[in-house]
Amino acid sequence: MHLTLRIFRYKPGWPHARYDTFNLDLPDQATVLEALQTVRRDHARDLVFRHSCHHASCGTCGVRVNGVERLACITRLTDLGTDTVIVEPLANFPVLADLAVDWRGFHGRFHAMRFPLVHQQGGEQIFERCITCGLCLSACPTVARRPSFFGPAVLAAAHRVLEEPRGARPAVAYRLAQDTEGVWACRGILACSAVCPLDVDPAARLLGLRAALARGRVSPSMLQETALPNGS
Amino acid sequence: MSASFHVLIIGGGATGAALAHDLTLRGLQVTLVERYEVTSGTTGRHHGLLHSGARYAVTDPEAARECIQENLLLRRIAPGTFEENGGLFVAVEDADLDYLDAFLEGCAAAGIPTRVLTREEALRLEPALSPQTRLAVWVPDAVMDAMRLPLRFLATARYHGAHIRPFTEVVDMVFHGRDLAGVRVQNHITGREEVLTADIVVNAAGPWAGQIGQMAGVHVPVRPSPGVLVAIDRRVTHRVINRLHPPGDGDILVPQRVFTVLGTTTWLAEDPDRLAIPPEHVARIWNAAAAMVPAVRQARVLSVWAAARPLVDAPATGSGRELSRSFRVLHHRNEGVPALFSVIGGKATTARLMAEAAGEAIVHALGLDAPCRSRDVPLLPHTAYWGEG
Chain Z
1 MHLTLRIFRY
11 KPGWPHARYD
21 TFNLDLPDQA
31 TVLEALQTVR
41 RDHARDLVFR
51 HSCHHASCGT
61 CGVRVNGVER
71 LACITRLTDL
81 GTDTVIVEPL
91 ANFPVLADLA
101 VDWRGFHGRF
111 HAMRFPLVHQ
121 QGGEQIFERC
131 ITCGLCLSAC
141 PTVARRPSFF
151 GPAVLAAAHR
161 VLEEPRGARP
171 AVAYRLAQDT
181 EGVWACRGIL
191 ACSAVCPLDV
201 DPAARLLGLR
211 AALARGRVSP
221 SMLQETALPN
231 GS
Chain V
233 MSASFHVLII
243 GGGATGAALA
253 HDLTLRGLQV
263 TLVERYEVTS
273 GTTGRHHGLL
283 HSGARYAVTD
293 PEAARECIQE
303 NLLLRRIAPG
313 TFEENGGLFV
323 AVEDADLDYL
333 DAFLEGCAAA
343 GIPTRVLTRE
353 EALRLEPALS
363 PQTRLAVWVP
373 DAVMDAMRLP
383 LRFLATARYH
393 GAHIRPFTEV
403 VDMVFHGRDL
413 AGVRVQNHIT
423 GREEVLTADI
433 VVNAAGPWAG
443 QIGQMAGVHV
453 PVRPSPGVLV
463 AIDRRVTHRV
473 INRLHPPGDG
483 DILVPQRVFT
493 VLGTTTWLAE
503 DPDRLAIPPE
513 HVARIWNAAA
523 AMVPAVRQAR
533 VLSVWAAARP
543 LVDAPATGSG
553 RELSRSFRVL
563 HHRNEGVPAL
573 FSVIGGKATT
583 ARLMAEAAGE
593 AIVHALGLDA
603 PCRSRDVPLL
613 PHTAYWGEG
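Same order as they appear, the protein sequences are chains Z and V. Residue numbering for the first sequence follows our numbering, starting at 1 and increasing by one per position. Residue numbering for the second sequence follows our numbering, starting at 233 and increasing by one per position.
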């Protein structure tokens, strides 16, 4: 397939961003990520973008494709319905360079809660659905006009930590949720759940947590840190 | 604090990450440079198997023993990084049963616990297994998050003083006369070139290690050996499912979250950045997986991708499966570059062990008494990597 790719470019110190245009021939099943890798390999060796797992597990390849939040690794070019593809970094984050955003503040909140990777589901261990990709934060119009709002992913994760503390920090999750920039700032627009690639339904979690807090259903005993079963 | 030697590591995959951790614990100054995002090379793309080693029990006993030891060690220093549900080796044809005795003997010799399950027991554990299942063998396979385990090594190394520099690409080696003094890098964030000096340079670039070696005028015997992987849109089993037969194509299903990764195939390539996916490999993987778990046929493909294993080159050529998956630490003093080491081969499960071996060689060359501590030091959580940046 033949494709015209317009990619957002920015390096620190530039007075403004620009869009670079590339015309590519790619295999029919190619993804946005493969298109970016082709550009980087053959045309723009300094193109900065993140990727790692190539299968919606690591959460690092989030971008906006023709204005919509997507994971580049699982977005097939043929599914876009056009051969002109505009790729931009996630919104509502400062840009680090090109398509990579500075997401230390975002990840810092998951770290503050010690958001765990694994949870128990019946007799089985399974990784948390949320891969902290940030698509929901980018899509949220409330974050766009109120940048201090913690946003969907963090508050949905807070709900998970309060639901299943297992070695995390539920007191931190509680403080994040109860903050004025926490669950109370959500306007219920639900753009977040619409773009989540793992069907986390962050809106349901956030609003469910808000309801539980409003009804006093989050008790102090839930805020104790608990050890992991092996004592770590 | 007394001045200590500075080691520069090229490559931010599992090997580089584990080595940064190992060397900081020995008291060395470490800078790690990675041309793109950390783990964006081969490491991030593997299916996530934390090997029990059973897969190599018959064909590569050394690799099998290394795997089970590291498997248990990693669960101790990095708890909460694995879906610890075990794995099954499944016989779905009578011919598979011929492999059983050698498999069990090999596992026993390597110290890999096993438990043979009848067809009924296996189907009770995994209802999605083929009705053709004859029996299954339980092994302590587990599933790791391919990126987030190395992030723990990187975060811990940085906590102990390492400088981790992604989007920093080595474009040349820097020699002062005949002595390797460091590297020239292109910083892709700022767009500027820099020279980074070091006492020791370590080439941990995985399948790109040959290209890095060429910059220093040394031969690094690594063959890029790609494989195709396929992720489907559902989790069809609780645990890892392997085929009970000699290692071959398409004989593993690895559940992750709400998806399953099916793998894999093998061929040899020249350039790890130019991997065309052979379409027949996808069909081969699909059919082999469906033979073990028929529900695969109802699934939708989420992603198809390739990654290049960094296999240590052996004199005999072949398809790639014959090349040992064990690793090698090379000190290039015999080629006139005593400040350069290469760490090649290996797999994600044994990255810490590769780093220990490389660390030993490096401190020995520097004349230091600095034992390895990575067996005993717990790792910071993965959230620290970007969260404490």
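Positions of the beta carbon are idealized from the N, C-alpha and C atoms, including for glycine.
Checklist entry - So, is Z:THR38 buried or exposed, given that buried needs 16 or more other C-beta atoms within 10 angstroms? => result buried
Checklist entry - Does DSSP put V:PHE395 in a helix, a strand or coil? => result Reading off the sequence, residue 395 of chain V comes out as His, not Phe. Correct three-state label for V:HIS395: strand.
Checklist entry - Shorter than 8 Å from the beta carbon of V:LEU336 to some beta carbon of chain Z? => result no
Checklist entry - Are V:TYR268 and V:LEU476 touching if we call contact CB-CB under 8 Å? => result no
Next on the checklist: Counting only C-beta atoms, is V:GLN488 closer than 8 Å to chain Z at any point?
Outcome noted: yes
Checklist entry - chain V beta carbons: is any one of them nearer than 8 Å to that of Z:ASP79? => result no
Checklist entry - In three-state DSSP terms, what is V:GLN364? => result Collapsing the DSSP output to three states places V:GLN364 in coil.
Checklist entry - Around the Cβ of V:GLN488, are there at least 16 other Cβ atoms within 10 angstroms (buried) or fewer (exposed)? => result buried
Next on the checklist: According to DSSP, simplified to helix, strand and coil, what is V:SER234?
Outcome noted: Residue confidence is low: V:SER234 scores 43 on pLDDT, short of 50, so the model does not pin down where it sits. Its coordinate-derived value is still stated next. Of the three classes helix, strand and coil, the one that applies to V:SER234 here is coil, per DSSP.
Checklist entry - How big is the Cα-Cα spacing for V:GLY550 and Z:SER193? => result Summary for V:GLY550: the model assigns pLDDT 47, below 50, so the residue's position carries little reliability; its value from the coordinates is reported in the next sentence. One C-alpha to the other measures close to 49 Å.
Checklist entry - What distance in whole Å lies between the Cβ atoms of V:GLY248 and V:THR274, which are believed to be in contact at a cut-off of 8 Å? => result Not really, about 12 Å apart at Cβ, beyond 8 Å.
Checklist entry - If you draw a straight line from the C-alpha of V:ALA548 to the C-alpha of Z:LEU198, how long is it? => result Its pLDDT being 45, under 50, V:ALA548 is placed unreliably in this model, and the coordinates cannot settle the point.
Next on the checklist: Here's the rule I'm using: 16 or more other beta-carbon atoms within 10 Å means buried, otherwise exposed. How should V:GLU588 be labelled?
Outcome noted: buried
Next on the checklist: With the cut-off set at 8 Å, would you say Z:VAL85 and Z:LEU33 are in Cβ contact?
Outcome noted: Using a Cβ distance threshold of 8 Å, Z:VAL85 and Z:LEU33 do not count as a contacting pair.
Next on the checklist: Using a Cβ-Cβ cutoff of less than 7 Å, which residues in the same chain neighbour Z:GLU164 once the five nearest sequence positions on both sides are dropped?
Outcome noted: So the qualifying residues of the chain are HIS119.
Checklist entry - According to the neighbour-count rule (16 or more other Cβ atoms, all chains shown, within 10 Å of its Cβ), is V:TRP537 buried or exposed? => result buried
Checklist entry - Touch check for the stretch 518-533 of chain V and the stretch 391-411 of chain V: three-plus C-beta pairs under 8 Å? => result no
Next on the checklist: Is there a C-beta anywhere in chain Z that falls below 8 Å from the one on V:PRO526?
Outcome noted: Not one chain Z Cβ lies under 8 Å of V:PRO526.
Checklist entry - In this structure, what does DSSP give as the bridge partners for V:ASP505? => result V:ASP505 pairs with nothing; no bridge assigned.
Checklist entry - Since Z:LEU190 contacts Z:CYS133 with CB under 8 Å, what's their CB separation in whole angstroms? => result About 18 Å; that fails the 8 Å criterion.
Checklist entry - Checking contacts by CB at 8 Å: is Z:SER138 closer than that to chain V? => result False, the Cβ-Cβ gap to chain V never drops below 8 Å.
Checklist entry - Does the count of Cβ pairs from the stretch 344-363 of chain V and the stretch 431-450 of chain V closer than 8 Å reach three? => result Counting C-beta pairs with one atom in each stretch, the stretch 344-363 of chain V and the stretch 431-450 of chain V have fewer than three that are closer than 8 Å, which means they do not touch.
Checklist entry - What are the partner residues of V:VAL415, as DSSP defines its beta bridges? => result V:MET405 and V:LEU428
Item to check | Short-range partners of chain V found in the stretch 90-101 of chain Z, where Cβ spacing is below 8 Å | outcome: Of all residues in the stretch 90-101 of chain Z, those with a C-beta nearer than 8 Å to a C-beta of chain V are LEU96, ALA97 and ALA100, reading in chain order.
Next on the checklist: With a threshold of 8 Å between beta-carbons, can V:THR549 be considered close to chain Z, or not?
Outcome noted: A caution first: V:THR549 carries a pLDDT of 44, below 50, which makes its placement in the model unreliable, though a value can still be read off. With 8 Å as the cut-off, V:THR549 does not count as an interface residue toward chain Z.
Checklist entry - CB-CB under 7 Å to V:GLU426, same chain, minus the five flanking residues each way: which ones, in chain order? => result VAL417 and ASN419
Item to check | Which of helix, strand or coil DSSP assigns to V:ALA323 | outcome: strand
Checklist entry - For the stretch 350-384 of chain V, which residues have a beta carbon sitting closer than 9 Å to at least one beta carbon of chain Z? => result ALA374, VAL375, ASP377, ALA378, MET379 and ARG380
Item to check | Own chain, CB closer than 7 Å to V:ARG287, minus 5 neighbours either side, in chain order | outcome: ASN474 and PRO479
Checklist entry - Helix, strand or coil: which one does DSSP assign to Z:TRP184? => result When DSSP states are grouped into helix, strand and coil, Z:TRP184 belongs to the helix group.
Item to check | chain Z within 8 Å of V:GLU554, Cβ atoms only | outcome: In this prediction, V:GLU554 scores a pLDDT of 49, lower than 50, which makes its location untrustworthy; no coordinate-derived value is stated.
Checklist entry - Looking at the structure shown, is V:ALA589 part of a helix, part of a strand, or coil, going by DSSP? => result helix
Item to check | V:SER535 - containing beta strand (DSSP E), residue span | outcome: 533-544
Checklist entry - Looking only at DSSP bridge pairs, what is V:GLU315 linked to? => result Beta bridge pairing from DSSP links V:GLU315 with V:VAL375.
Checklist entry - When you compare only the Cα positions, how much space is there between Z:ARG210 and Z:ALA204? => result 10 Å
Checklist entry - When DSSP builds the beta bridges, which residues end up paired with V:ASP292? => result In DSSP, V:ASP292 forms no bridge with anything.
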